[in-house]
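Residue numbers (full-length UniProt numbering): 1 to 68.
Built from N, CA and C at the ideal position, the CB exists for glycine as well.
Report on one structure; see the data block that follows.
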């Protein structure tokens, strides 16, 4: 798992919006939680710029396709 850097809280995408990690909550009754319908992909940034965006996007779509 990625660690917090320099005391900054990470931002995560949940239910169609970006929220601080500490506010990201998933109900234990959520269908995705119960049935593992989740796809996880992370992308790195350097100096505020996305790193290897095309490769990241390809992995994300491939994972989504395979999860059907």
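- Query: What whole-angstrom Cβ distance do residue 17 and residue 41 have, given they're in contact under 8 Å?
  - Reply: Contact flag wrong, Cβ pair sits at about 18 Å.
- Can you give me the start and stop residues for the alpha helix (DSSP H) that residue 59 sits inside? That run of the alpha helix (DSSP H) goes 53–66.
- Query: How about residue 11 and residue 19: are their beta carbons less than 9 Å apart?
  - Reply: The answer is yes: Cβ separation under 9 Å.
- Query: According to the Cβ coordinates, are residue 37 and residue 45 closer than 9 Å?
  - Reply: Against a cut-off of 9 Å, the Cβ pair of residue 45 and residue 37 comes out as no contact.
- Task: For residue 33, name the three-state secondary structure that DSSP assigns.
- Result: Judged by DSSP in its simplified three-state form, residue 33 adopts helix.
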